Structures are given as C-alpha cells and as structure tokens.
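Here the structure is laid out as structure tokens; the discussion comes afterwards.
2 protein chains.
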Amino acid sequence: MKLVELCDDVGHRLSGSKGLERAVEWGVATLKADGHENVRAEPVKVPKWVRGRESLTLLEPRELPMVMLGLGGSVGTPPEGITAEVVVVKDKAELDAIGDGAKGKIVLFNYPMPPYDAEKGSRYGETVAYRVNGAAWASEKGAIAALVRSVTARSLRTPHTGGMNYGKATVKIPTAAITIEDAEMLARFCARGKKPVVKLQMEAKSEAEADSHNVIGELVGREKPDEIVIISGHLDSWDVGQGAHDDGAGVVTAMEALTTLRKLGLRPRRTIRVVLWTNEENGLAGARTYVKDHAAELNKHIAAIESDSGGTRPLGFTVEHKDAARLPAIIERLRRSLVAPIPDGGYDVRAGGSGADVGQLKDHGVACLGLRVDDSIYFDSHHTPADTVDKVNPRDLAECVAAVALAAYQIAENGWEGP
Amino acid sequence: MKLVELCDDVGHRLSGSKGLERAVEWGVATLKADGHENVRAEPVKVPKWVRGRESLTLLEPRELPMVMLGLGGSVGTPPEGITAEVVVVKDKAELDAIGDGAKGKIVLFNYPMPPYDAEKGSRYGETVAYRVNGAAWASEKGAIAALVRSVTARSLRTPHTGGMNYGKATVKIPTAAITIEDAEMLARFCARGKKPVVKLQMEAKSEAEADSHNVIGELVGREKPDEIVIISGHLDSWDVGQGAHDDGAGVVTAMEALTTLRKLGLRPRRTIRVVLWTNEENGLAGARTYVKDHAAELNKHIAAIESDSGGTRPLGFTVEHKDAARLPAIIERLRRSLVAPIPDGGYDVRAGGSGADVGQLKDHGVACLGLRVDDSIYFDSHHTPADTVDKVNPRDLAECVAAVALAAYQIAENGWEGP
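The listed protein sequences correspond, in order, to chains A and B.
Counting from 750, one number per residue, gives the positions in the first sequence under our numbering.
Counting from 750, one number per residue, gives the positions in the second sequence under our numbering.
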C-alpha cells in the first residue's frame, strides 16, 4: 500500500521537481503515522536538471519520428536542433578505429546488453559505460551529438534514460538514449550503405540548485541510542514512469522494516535509523550532505544498509568496509545471524558493492551493506516509463522487508563485537 | 532482406496511406525481379481511417499524460475532448451489473490477457472481444467513451491498437487502447475510492475510400495452369511500428516460398499464385474484391494458404473446408505429404481457422490453410510500435518459407484426388 501511494499518488520524482518534495512530505507523514521517533526532513541542496521538450526524427532515408529519452545531465540542442548523419559504432574500439569518421556527425553507440545470465548476471556495469561516457568519447572525436542504445536486454520500443557525465570533455554535446529497435534500424541502414540522417531537438538544461530533503525516522535503541544502524533507499527517481523498482521498492522496504520491528515490539540495543535519500540518481547530494551534517556522529554509525536494486526476491547482502582486514569477520558474523537461520540455500552474504548512497559512508569506517536481489527483470523497466508499481510482486517486496528488518535488528542488537 | 526492405524502407502501411501504396510498388517490383510470371497489382477500393492527433490525460486525482492508441475505426472526440470520470469493469458481466453506473462516464474494460500457456495458447480470441465490441457495449449503457486494456500479457507501457466494430450501437463513442500499466493504475485508484477523471482527445475519422491493390505473381503450372494454389500474406499493417510479424513475415514467406520453388526449378502441375492482400486489418476489401473479380475461376482454386500469425517457428497448418465431410481426407493427405517427411514430432496438420483473407474463399469450396506458428511472443508486439524487424528471427522465418513452399508444391503437384 505504501508503494502504491508513492507511485500512484506522487509518481515520478526527479531532483528539483514538485514530485520529489511531495514524496518528502509523504515520507515524513507516513513515518509519523507509523509511530516512529525523531521523524524529520533534513535540508539538502540538489542539482536541478530539466528535460524540457525533446524529439528525434529520422530524415534520411525516410522521415520517421523515433523514440528517445534525453540523458540526465545532458545539455540541450539549439532550438532548431542538430541535423546530421549518424555513424554507428558498436563500442569504443570501433569509435577509435574510424579516426576522423565521427567529425561533424552524430555517433550512435549500439552496444547491446547481453541477455540476463544467472551466472554472469545483468552485466549492467559494462553496458552502462556507454550511457555515462558516450558523449564525452564522441565529443573527443569531433561528434556533435551522441546517441546511446538503451541499457536493456529486452525492449518493446522502450527508451531508458539515466545519468551521464561529460568528464573532461572540452565540448559538451547533447546526448540521448534510443530504443534497441531504432538503434538496430540505424545500424541496418548503415550496413546497407544508406546514410541515415536524423534531427535531434532537446531543450534539456541544468538550472540553479533546488531545495530538497533526506527523510529520517528512528526506532531509538534501548541501551546505546547514540549508536546507529541505517536502513535506506532513495526517494528520488528519474522523471519517467513511477520509480517503482528504482527505488520506491527500496524506500518502502526500509520504512516497512522499521514499522515491522516496531509492531513486533522489538527495540534493539542500538538505534535503527531509516534514511530516505534524496538525489541518488543525479548527484548523490543527499548522502553527501548527510555525511557532512552528521560528521560528529559518523563514528557511531556501525552499519548502513541500502536497497536499490529493485523489489524482487532477496538473495542476501553484499558488504563492503574501508578496513579490508575486518571484512571477513563481518561477513562471517552476518552469515551466522542472517543466513544460517534461513533454509533456502540460495541466500548468501558476500563481499561486494553496497549502494551508491550508503557507499558515501564507507570512507568513514561504516560497514556498508546492499540488499542483493534477483535482478533478472530489473533492467527491463529500469529508468523507463514502464517502471510502475504493477511490476513489483508484493510477496517479493515483503521478503525484502523481512530481510532488511532481520539484518537491521541483528546488527543493532548484537553489534560487530559480541559473541 | 525482403523483410528488412519492407519494414525499414517502407515502414507501416495502413489502408489509404502512402506507405501501403509504396509497399504495393515494392511488391510488384520484387516479384518481377525474382522472375515470376503474371506479376500485377489488381485494384481494390479500401476504407481509409485516419488516426490524427490523439491524447489521453489523467486529470484527477493528479495530472499525468497517459499512453494510448486509438482503435481503428473509432470516431474522434470533439476538438475540446471528452472529460469524464472513468468506471473500471473487468468484463461484460461487471458492466451489466453496474446498471446505470456507466451513464455519462468513460468505461475502461480492464480484461487481462492471461500469460501464454503452451496448452491453452494465447487466448487472443476471448481477450480481443473487448477491443472489438467494448465501445458498442459501453455505448449501450450510456457511456460517452470506452477505453480498453491492451490485448497483451506482457507490457513495457506498450499500447496495442487494432480494429473495432460499432455493430448495432446507435451512438458511436470514441474508443482507445491503454497500457496494462495505466489500466491497472486506474483500477487501483477506483479500488482506493479515488475517482479518476481523464480527458480523451482524438482526431480519428473515416475518410472516403482510397485506391489500393492486391499484389499478385505466379509460378504457372506445367500441366493444369488454370488450376490454382494461393500462398499469401497481407501487405497492409496498422499505422504504428513496422508491421514486421503482422504481416510482413507472411508477405515475405509467400514471396520467398515462390522464389525458392523457382530457384529449385520445381514447376508443379498446377499454378502457385502469390497474393499479397491489401486491407486485411480493417476491412478485408482485398480478399473480398479478389473473390468478386476472380469469381469465374474460383472453382479452379484448389487451395489457399495464408500466413498471418507472425514469422516464428512453424508448427504445421490448420485447415478448413466448406464441405465438412471432405475435411478429414484433406487433413490425412496433408499429414502424409507434409508431416510424415519431417522428423520433428511437434509439427502437425489439424482442423482449424485458416486466415482472415483466405477465409473469404471458403464459401466457394476452396480448401483454406493457415500456417500455424509458435505464438508465445507474437502478441507482445502485435499492433504496437514494437512490431519491428528485429523481433523476427531469420531462421524461424526461413522455416516458415520452407513449410509454405513444401505445402504449396505438394498440393499444386498432386491435388486432392490422386494417390
């Protein structure tokens, strides 16, 4: 029900939008209604990127509107748009190989995300590199815009937005994602010797920083209330769909985990603090501001848990720690307390990246945990108009809540040191 | 390569559009280039329905643009649109049960297509009834517009258009398909006591009949050239996507089957005639005009084969005949000649509907065959912007070509009577 409220009543919520601040109000009101302590919204200045109107039209070999989504952080085009031939490359090596071939043209990176593989996972990391860096790489070669095949293995003409980064590029060129279908069509035209020409129009721009908030609520510890275990998800989303799996599911998981413990009358020794981060998607200002504002108590944060991979079936936790020597003991302890009681053999705790927000606390000696889930379908709707609440299986989400509630309770009750 | 030309170079091709007549030119030119005989375009008057601009906006409980596609044949709205509360029903029984509850409102039929089931198939028939008849049923109850959940079991916020029929409705109300995601959201709002209000704007209208053509080419029979076996698909498509599976695949299957036989030097006793029908989607004017114009030779048509279920793996043929008493012998004969030589146990010939176009020849005593294929993914992109050439596996399509070429050859060579 919380996820339905967040998704249907608030909807998407990009940093700087009214939607995000409505979500902040909803978060505060809902944590209060659930009876939590020290509920508040802590101010954060966030970057504000605005999509504006945008379009991509194939002009040659025939006129056809294409499906696209500008990438977050991109600059816009001049009002009349950018019209140029498209050069298709599969990857960076192919871009490097064409020498001056990209100069004055629009580069399309047609790098396919492989089908999901139970062993190799989603391989998001290798694929998303083109979304993040494509514009910078193309700009270096003299291209005047960059298009990127959407980061997904499945598509029904579905565009996927997401963040990008100009890095050290001296010229910032506009950049957008297109669908697998349209990327493949452009590649086919090139393969058949027909030079495709497109017109890209984007009003995208970055505006002045906006006011936002991290939302916080607590179950105050009964013996060591100043020692803290964070459970968290991020409240912001991209400006399409409902941000249901990304990361409404993480937000609701953290909130419901705290409410479940409270309803069960389980108050551990240490404080469990829900943090609903703002601005994960395009800046991490929420987590960074938290680190600054809470500098004095960071050494009392014994763990920070994040759920930001969707509300699918939980498979365990990944853990990281600044002090690599401590990590094996932490993992062993978590396995004993979290995995051993659960008969399902697939559930595990292992070393690995935790989450973009809680990762900001790692340098301060906080043990950082990420909820690991089955991500076989996550990237189908990730950052798209299709990331909607119907995609989240309530039973899977309930299992995420149970996993986070158990982990938070065990750590808050027993710490890292005891027996 | 033919399918790429039709899909990428021509694109979608609704009756009355320039795309369809470009497809006619392409069909004639391609059949000629492949060396076929008696290649021609036979004139057909087709209905012309034009979508125009259209939009659907949620106004209450919050403003949100929704994804929609008007249904083919629908009337438009007044220019200012229709703004009304949405009443959600699952099926016709629920509509009947609410009595006056639909009066002055917009009815949403939220009837879900069940997930594909190897035994029960896609269950398109029971689901599509709402797309076809929903507007008439809602109009009877005093509704002022009808929305229909898209006919699909899988969606990435994907709208599915298709034909509809006002039947005996005295008031024609505008009607459009919405996505599973948006239909579920409206249903959730209603379930939570929030009355959703939407604004529907559609410029849709029917214009004067347009000129179109069936495209024909032949491999003339060596002994009985006046006896004919038709192999066919339909050249028109809806006005979204590329009409790749529906029915570019069928068009190319028929063309390539004929070309394959010609290249192999196989000229059977009777004539094999490729027919690329026009206007299957919204009128069947192509097939009906063929029946009228070829009335004198219909008794010489010994079979008519259509492929119109997508270019996926072939599973055999369905067969129908006006004379039910003859059907078992025809099926038995086809099994002996088509199935027996193929080791794959899944391949079969059975009684069943053939195809919308060739079905027009049934009353004239022609044996009608439909190519049966694996339709487990067909309805995912059916009538959507995602019905694109990348969805068609070239190997599967090649198997369709082989299946149709073999069936056409066997029937044209051996007829129904011989040993």
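Ideal placement from N, C-alpha and C gives every residue a C-beta, glycine not left out.
None of the values given here were measured: they were computed from a predicted structure.
Could you please give the first and the last residue of the uninterrupted beta strand (DSSP E) stretch that includes Val881(B)? On the second sequence, position 132 is the one that residue 881(B) refers to. DSSP places Val881(B) outside any beta strand (DSSP E); the residue lies instead in the alpha helix (DSSP H), whose first and last residues are 873 to 889.
Please name the residues in the stretch 1026 to 1039 of chain B whose beta-carbon is closer than 8 Å to at least one beta-carbon of chain A, in chain order. none
Helix, strand or coil for Met817(B) per DSSP? One-based indexing of the second sequence puts residue 817(B) at position 68. Met817(B): strand per DSSP, three-state reduction.
How long is the line joining the alpha carbons of Asp995(B) and Leu1076(B), rounded to whole angstroms? Within the second sequence, residue 995(B) is the residue found at index 246, counting from 1. Within the second sequence, residue 1076(B) is the residue found at index 327, counting from 1. Those two C-alpha atoms are separated by around 28 Å.
Just how far apart, CA to CA, sit Thr1020(B) and Ala993(B)? Looking up residue 1020(B) in the second sequence gives position 271. Looking up residue 993(B) in the second sequence gives position 244. As the crow flies, the alpha-carbon of Thr1020(B) is around 28 Å from that of Ala993(B).
What does the Cβ neighbour count give for Leu752(A), buried or exposed, with the cut at 16 atoms within 10 Å? Here residue 752(A) is taken as the residue at index 3 of the first sequence, counted from 1. By the neighbour-count rule (16 or more Cβ atoms within 10 Å), Leu752(A) is buried.
DSSP state of Pro974(B), grouped into three classes? The residue given as residue 974(B) occupies position 225 in the second sequence. If DSSP states are grouped into helix, strand and coil, Pro974(B) belongs with the strands.
When you compare only the Cα positions, how much space is there between Ser1125(B) and Val1001(B)? The residue labelled residue 1125(B) in the question sits at position 376 within the second sequence. The residue labelled residue 1001(B) in the question sits at position 252 within the second sequence. Cα to Cα, Ser1125(B) sits roughly 21 Å from Val1001(B).
Which chain B residues are close to Arg937(A), counting only those with a beta carbon under 7 Å from its beta carbon? By one-based count along the first sequence, residue 937(A) stands at place 188. What Arg937(A) touches in chain B: Val753, Asp757.
By alpha-carbon positions, which one of Thr1061(B), Leu820(B), Leu968(B), Gly830(B) ends up nearest to Leu807(B)? To locate residue 807(B), count along the second sequence from 1; it is residue 58. For Leu807(B), the nearest C-alpha among the options comes from Gly830(B).
Assigned exposure category for Asn963(A) - 16 Cβ within 10 Å defines buried: Position 214 of the first sequence holds residue 963(A). With 16 or more other Cβ atoms within 10 Å, it is buried.
Just reading off the alpha helix (DSSP H) that Arg832(A) is part of, what are its end residues? Here residue 832(A) refers to the residue found at position 83 of the first sequence. Before going further, note that residue 832(A) is Thr rather than Arg in the sequence given. Segment 831 to 838 is the beta strand (DSSP E) holding Thr832(A); no alpha helix (DSSP H) there.
Can the beta-carbon of Gln950(B) be found closer than 7 Å to that of Ser1056(B)? Against the second sequence, residue 950(B) aligns to sequence position 201. Against the second sequence, residue 1056(B) aligns to sequence position 307. Between Gln950(B) and Ser1056(B), the CB-CB gap reaches or exceeds 7 Å.
Mind listing the chain B neighbours of Met817(A)? Cutoff is C-beta to C-beta under 8 Å, in chain order. Indexing the first sequence from 1 puts residue 817(A) at position 68. Near Met817(A) there are no residues of chain B at all, since even the closest Cβ is about 13 Å away, more than 8 Å.
For Ala926(B) and Leu857(B), which I take to be in contact (beta-carbon distance under 8 Å), what is that distance rounded to the nearest angstrom? For the purposes of this step, residue 926(B) is identified with residue 177 of the second sequence, where counting begins at 1. For the purposes of this step, residue 857(B) is identified with residue 108 of the second sequence, where counting begins at 1. With 8 Å as the limit, Ala926(B) and Leu857(B) do not qualify as a contact, their Cβ atoms being about 10 Å apart.
Is the stretch 882 to 901 of chain B touching the stretch 769 to 786 of chain B, taking contact as three or more C-beta pairs under 8 Å? In this structure the stretch 882 to 901 of chain B does not lie against the stretch 769 to 786 of chain B, because fewer than three pairs of beta carbons, one per stretch, are closer than 8 Å.
Hey, quick one: how far does the beta strand (DSSP E) through Trp798(B) stretch, first residue to last? Taking the first residue of the second sequence as position 1, residue 798(B) is located at position 49. First-last of the beta strand (DSSP E) with Trp798(B): 786 to 799.
What are the start and end residues of each continuous beta strand (DSSP E) run of 3 or more residues lying completely inside the stretch 1046 to 1076 of chain A, in chain order? 1050 to 1055, 1063 to 1069
Going by DSSP, what residue range makes up the alpha helix (DSSP H) through Met934(B)? Taking the second sequence and counting its residues from 1, one reaches residue 934(B) at position 185. Taken as a continuous stretch (DSSP letters only), the alpha helix (DSSP H) holding Met934(B) covers 929 to 940.
Selected residue, minimal CA-CA separation from Asp1145(A), among Ala842(A), Gly982(A), Val777(A), Arg1062(A): Counted from its first residue, the first sequence places residue 1145(A) at position 396. Nearest option by C-alpha distance: Arg1062(A).
How would you label Asn1028(A), buried or exposed, when you count the other beta carbons within 10 angstroms and need 16 or more for buried? One-based indexing of the first sequence puts residue 1028(A) at position 279. By the neighbour-count rule (16 or more Cβ atoms within 10 Å), Asn1028(A) is buried.
Kindly identify the DSSP beta-bridge partner or partners of Gln950(B). Along the second sequence, read from residue 1 onward, the residue named residue 950(B) stands at position 201. Per DSSP, Ser804(B).
Rounding to the nearest angstrom, what Cα-Cα distance links Val777(B) and Glu930(B) in this structure? Reading the second sequence from its first residue, position 28 is the one you call residue 777(B). Reading the second sequence from its first residue, position 181 is the one you call residue 930(B). About 42 Å.
To the nearest angstrom, how far is the alpha carbon of Leu859(A) from that of Asn1031(A)? Position 110 of the first sequence, counting from 1, holds the residue named residue 859(A). Position 282 of the first sequence, counting from 1, holds the residue named residue 1031(A). Residue identity check: residue 859(A) is Asn in the sequence provided, not Leu. Cα to Cα, Asn859(A) sits roughly 24 Å from Asn1031(A).
Is the stretch 886 to 896 of chain A close to the stretch 838 to 857 of chain A, with three or more CB pairs under 8 Å? Yes, the stretch 886 to 896 of chain A touches the stretch 838 to 857 of chain A.
Could you tell me whether any Cβ in chain A is nearer than 7 Å to the Cβ of Ala1135(B)? Along the second sequence, one-based indexing puts residue 1135(B) at 386. Ala1135(B) counts as touching chain A.
What three-state label does DSSP hand Asp1136(A) in the structure shown? In the first sequence, counting from the first residue as 1, residue 1136(A) sits at position 387. Asp1136(A): coil per DSSP, three-state reduction.
Quick one: residues in its chain with C-beta nearer than 8 Å to the C-beta of Glu1148(B), no 5 flanking neighbours on either side, listed in chain order? Along the second sequence, one-based indexing puts residue 1148(B) at 399. Taken in chain order, the residues that qualify are Arg1062, Pro1063.
Go ahead and pull the three-state DSSP assignment for Ala925(B). Against the second sequence, residue 925(B) aligns to sequence position 176. Three-state DSSP puts Ala925(B) in a strand.
Gly966(A), DSSP secondary structure in three states: To locate residue 966(A), count along the first sequence from 1; it is residue 217. Note: Gly966(A) maps to strand in three-state DSSP.
So, is Arg802(B) buried or exposed, given that buried needs 16 or more other C-beta atoms within 10 angstroms? Taking the second sequence and counting its residues from 1, one reaches residue 802(B) at position 53. Exposed: under 16 other Cβ atoms inside 10 Å.
Excluding the five sequence neighbours on either side, which residues of its own chain have a C-beta within less than 8 Å of the C-beta of Val1236(A), listed in chain order? In this structure chain A extends from 750 to 1168, so residue 1236(A) is not present and cannot be described.
Would you call Gly1014(B) buried or exposed, if buried means 16 or more other Cβ atoms sit within 10 Å of its Cβ? Here residue 1014(B) refers to the residue found at position 265 of the second sequence. Label assigned to Gly1014(B): exposed.
Cross-strand partners of Glu956(A) (DSSP beta bridge): Along the first sequence, one-based indexing puts residue 956(A) at 207. DSSP lists Lys797(A) as partners of Glu956(A).
Kindly list, in the order they appear in chain B, the residues whose Cβ is closer than 9 Å to that of Thr907(A). By one-based count along the first sequence, residue 907(A) stands at place 158. Simply Leu905, Arg906, Thr907, Ala1135.
What residue from Gly942(A), Gly997(A), Lys921(A), Trp987(A) has the CA that sits closest to Asp758(B)'s CA? Walking along the second sequence from the start, residue 758(B) turns up at place 9. Between Asp758(B) and the set Gly942(A), Gly997(A), Lys921(A), Trp987(A), the nearest pair of CA atoms involves Gly942(A).
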